[in-house]
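Numbering (mature numbering (1 follows the signal peptide of the UniProt record, and there is no 0)), first residue to last: -17 to -1, 1 to 371. For every residue, glycine included, the Cβ atom is placed at its ideal position computed from N, Cα and C. Just so you know, these numbers come straight off a predicted model, no measurement behind them. Reading through the structure tokens given below for one structure.
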Ligand SMILES: [Zn+2]
């Protein structure tokens, strides 16, 4: 309460005298990094001087991302921090002689392991939000159980338990929570899901998701793989590649990697012409640098796995004709290869043994949640401007 009062006082003072401040903003729909620089009178050369690979990476900024602007005594921008993934953020900063620089730096975050245990009053989705203030957790929970449990049988007083880890950046929850296991009672009968290697299984190790991808291009060579973050020892800087590149001649047919609905077809910064498709269970695929779209491809159009959707091209920041293929789960870029390759639906052998060991650990956490357990306090919402 006292802290809030201080913030309020400082904001009031700020009306009369400029003070250094941090402003937290939400990335607007459809804005590119280039537009952002232009709107804030930051030299566009910052963008144009980037290597193509980094210009492409800058297209990963997503609508709704929380980012920070630091201003100096004269109310001029001195620093900007924009996350592009869980691992990396764009860092724009003014040096001593007043010249702007741009680089990619790691995001510093903490990981907190949590157990949430609640009684259901209205619906799992609403009750999770009410208890945690965490929308992403509610969505991730629904996606984890999707298709395997019928929530219509729920009655008041049924319990749900989630064991998960949550990233925290600058004191706020950050990114999608990672659900390890979850339990929900349906009229008192417990149903479980367990995560293993990024996918959800029932207690017998049978896969609950039936989402598998087909290759978006046929007979194409992989020219670049998925890299969440790596430090380039010679260039002495961080880079990332949040998808897979398939080298293919211009005009090569691109097929939908799974059943879904087109969520975007248009230009997206360094990615050039982009098509995105939303799939079941919180998955999304992205097809970038395409030359053109198959007819009728626009937002809302439903597509079948293997359907022609676009043609390979060289649009945006691209060094030659290729398809940049991205896969996202709950808005987080993941390695497409892990989902393209898997064909079996139940774990066996060594994997099954690992899975059983995990289940035993996670069940202990679920038992903790069933006992005398106290949840983390609900996330607070903060004012968007903090002055010093
Ligand atoms: Zn790429």
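Per DSSP, the bridge partner or partners of residue i
i: residue 405; result: The question about residue 405 has no answer here: the residues shown for the chain are numbered -17 through 371.
i: residue 66; result: 72
i: residue 172; result: 169
i: residue 315; result: 312
i: residue 237; result: 293
i: residue 98; result: 146
i: residue 207; result: 228
i: residue 51; result: 7, 64
i: residue 298; result: Partner(s): none; residue 298 has no beta bridge.
i: residue 157; result: 150
i: residue 266; result: 312
Buried/exposed call for residue i, threshold 16 Cβ in 10 Å
i: residue 109; result: exposed
i: residue 352; result: buried
i: residue 165; result: buried
i: residue 88; result: exposed
i: residue 70; result: buried
i: residue 21; result: exposed
Same chain only: Cβ atoms within 7 Å of residue i, ignoring 5 sequence neighbours per side
i: residue 191; result: 130, 131, 176, 183, 184, 185
i: residue 214; result: 221
i: residue 291; result: 236, 238, 277
Residue i versus residue j: straight-line alpha-carbon distance, rounded
i: residue 137; j: residue 317; result: 33 Å
i: residue 161; j: residue 304; result: 36 Å
i: residue 266; j: residue 35; result: 27 Å
i: residue 340; j: residue 329; result: 16 Å
i: residue 99; j: residue 116; result: 12 Å
i: residue 294; j: residue 345; result: 45 Å
i: residue 250; j: residue 298; result: 9 Å
i: residue 240; j: residue 211; result: 21 Å
i: residue 92; j: residue 158; result: 10 Å
i: residue 263; j: residue 163; result: 19 Å
i: residue 140; j: residue 107; result: 11 Å
i: residue 58; j: residue 195; result: 51 Å
i: residue 3; j: residue 81; result: 16 Å
i: residue 41; j: residue 197; result: 27 Å
i: residue -11; j: residue 5; result: Below a pLDDT of 50, predicted positions are generally treated as unreliable, and residue -11, at 45, falls in that range; no measurement from the model is reported.
i: residue 75; j: residue 11; result: 18 Å
i: residue 72; j: residue 95; result: 21 Å
i: residue 49; j: residue 111; result: 22 Å
i: residue 246; j: residue 349; result: 36 Å
i: residue 171; j: residue 45; result: 40 Å
i: residue 358; j: residue 97; result: 8 Å
Residue i - containing alpha helix (DSSP H), residue span
i: residue 122; result: 118 to 128
i: residue 273; result: Residue 273 -> no alpha helix (DSSP H), and no H or E assigned at all.
i: residue 28; result: 28 to 31
i: residue 107; result: 107 to 115
i: residue 345; result: 332 to 353
i: residue 22; result: 16 to 22
i: residue 56; result: Taken as a continuous stretch (DSSP letters only), residue 56 belongs to no alpha helix (DSSP H), as it is neither H nor E.
Nonlocal neighbours in the same chain, by C-beta distance under 6 Å from residue i, ignoring five residues either side
i: residue 360; result: none
i: residue -5; result: Its pLDDT being 44, under 50, residue -5 is placed unreliably in this model, and the value from its coordinates should be taken loosely. Excluding positions up to five away in sequence, the list is empty.
Residue range of the beta strand (DSSP E) that includes residue i
i: residue 86; result: 83 to 89
i: residue 250; result: 243 to 250
i: residue 258; result: 256 to 261
i: residue 282; result: No beta strand (DSSP E) contains residue 282, which DSSP labels as neither H nor E.
i: residue 195; result: No beta strand (DSSP E) holds residue 195; DSSP gives it neither H nor E.
Close-in-space but distant-in-sequence residues of the same chain around residue i (CB under 8 Å, 5 per side omitted)
i: residue 43; result: 67, 68, 225, 316
i: residue 18; result: none
i: residue 30; result: 16, 17, 20, 38, 41, 85
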